[in-house]
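Numbering-wise, this note's numbering comes out as the position in the sequence shown, counting from 1, plus 99.
Please read the structure below before turning to the comments.
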Amino acid sequence: MPENFLNWFTLRNYGVSDAAEIFVFISGYSIGFSYGPAIKTGQFLAGAKRLWTRASQLYVAHIFLFLFFTAQIARTAARFDNPMYKDEFNIAQFLDRTDIMIGQALLLKYKPVNLDVLPLYIVLVIAAPAVLWSLLRRPNWTLLFSALFYFAARHFDWNLPSFPGGKWYFNPFAWQFLFVFGVWCGFGGGRIVRPAVLSRPVTIVAAAWLVFAFLIVMTWHVPSLEQFVPQALVRAIYPIDKTNLDPLRLTHFLALMVVLLRVLPPDLPGLTSKWLRPLILCGQRSLSVFCFGVLLSFAAYGF
């Protein structure tokens, strides 16, 4: 919700990456961590079945969320006689051409505002068994291929189509790299690179990049600070493309992860504190929390 006080507690106000990168990486990591042991012991088909079952559950949740979200916006627009709600949240065409748009929604080609990340997650979970199978045989080559595919997708502008025009807001061909990297880390790669990642030089570079990104983002909130940013630097870093996972966003997230790993060791007693239990429960029920949060966000936005 823009112009909301609690918005200042979100990551997007202090760096060039935001919760989307965290969500995609954690989604991949949890799959690698949870399904990796079973895959390594020869239970690939059982793991693939569970992942595709999960993907089907995500798809059903997305469709129901789509219907409730659309109905919520339409009812609010009618009640307050404000058609701007329908235009702002991209449901006007659905209400005008329901017979066509509902089919496109089922194909994940038509998505109202705020419903872009779940289709991305569905596609990534569907592809997860193939990723796990490749990691089992050639883990480093799999990660390298994912990186090359990421750069190729950015260079050739590969993306999935949206309806009635345009492309997916979260390009799965680009965002797959962060997901595969997460699976690779959870599958065992994280333990291999952890000593190098937590080395002093890497930590210093990561911290410096976070400070630099923070200063750049401050110019978004305080326009008078823009005069201190050289124009050559402005031309080099803008636009920071979220759709295709801009390298600046990717490296900012990686830097953030390095610093967090440095200051928050996995055996930190505070991570098991009873005060964090509500957050842990939210994480264990992330799909429900996400769906309910989407509905609540519009309800609060409308008022």
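C-beta: ideal position from N, C-alpha, C; glycine also.
query                                                                                                                                                                                              : result
DSSP puts P346 in a beta bridge; with which residues?                                                                                                                                              : Answer is none; P346 lacks a bridge partner.
What do you get for P211, buried or exposed, if any count of 16 or more other CB atoms within 10 angstroms of its CB means buried?                                                                 : buried
Three-state secondary structure (DSSP) at P260?                                                                                                                                                    : strand
Take C381 and list the residues in its own chain whose beta-carbon comes closer than 7 Å to its own, dropping the five residues that flank it on each side.                                        : V388
DSSP beta-bridge partners for K266?                                                                                                                                                                : P260
Could you have a look at R253 and say whether DSSP puts it in helix, strand or coil?                                                                                                               : helix
Measure the Cβ-Cβ separation of H161 and P218 and say whether it is below 9 Å.                                                                                                                     : yes
Does the distance from the CB of L144 to the CB of Y134 come in under 9 Å?                                                                                                                         : no
Could you tell me which uninterrupted alpha helix (DSSP H) segments, each at least 4 residues in length, are contained entirely in the segment 144-201, listed from first to last along the chain? : 183-187 and 191-195
Buried or exposed: where does E325 fall if 16 or more other Cβ atoms within 10 Å of its Cβ makes it buried?                                                                                        : exposed
Do L355 and A295 come within 9 Å of each other at the CB atom, strictly closer than that value?                                                                                                    : no
State the CB to CB distance for the pair V222 and V279, rounded to an integer number of angstroms; the pair is presumed to be in contact (CB under 8 Å).                                           : Incorrect: roughly 13 Å between the Cβ atoms, too far for contact.
Output the distance between the C-alpha atoms of R376 and V362, rounded to the nearest integer angstrom.                                                                                           : 21 Å
Does DSSP put G289 in a helix, in a strand, or in coil?                                                                                                                                            : helix
What residues in its chain sit with their C-beta under 8 Å from that of F193, if we drop five residues either side in the sequence?                                                                : T169, M200, I201, A204, Y209 and P211
Suppose you measure from the CA of Y158 to the CA of L353; what does that come to, to the nearest Å?                                                                                               : 29 Å
Kindly list the residues whose CB is nearer than 7 Å to the CB of F313, restricted to its own chain and excluding five residues on each side of it in sequence; keep chain order.                  : Y113 and G114
Just the Cα atoms here: how many angstroms apart are I190 and K341?                                                                                                                                : 22 Å
Determine the extent of the alpha helix (DSSP H) in which V333 is found, giving its start and end residues.                                                                                        : Q330 to I336
What are the start and end residues of the alpha helix (DSSP H) that includes T302?                                                                                                                : R299 to H320
Roughly how many whole angstroms lie between the Cα atoms of D198 and A331?                                                                                                                        : 50 Å
Which residue wins for smallest C-alpha separation from R384, given the options V301, N103, V282 and S126?                                                                                         : S126
In whole angstroms, give me the CA-to-CA distance for G265 and F248.                                                                                                                               : 21 Å
Where do the N-terminal and C-terminal ends of the alpha helix (DSSP H) with E120 fall, by residue?                                                                                                : A118 to K139
Measuring straight from C-alpha to C-alpha, what distance separates F397 and P182?                                                                                                                 : 15 Å
Should Q383 be flagged as near chain D, meaning a C-beta pair shorter than 9 Å?                                                                                                                    : Checking the listed chains, one finds no chain D in this structure; it contains a single protein chain.
For W232, tell me which candidate among G392, Q142, H254 and P364 has the shortest Cα-Cα distance.                                                                                                 : Q142
So does the segment 258-276 actually touch the segment 103-110, counting three or more Cβ pairs closer than 8 Å?                                                                                   : no
Mind checking E120: buried by the 16 CB within 10 Å criterion, or exposed?                                                                                                                         : buried
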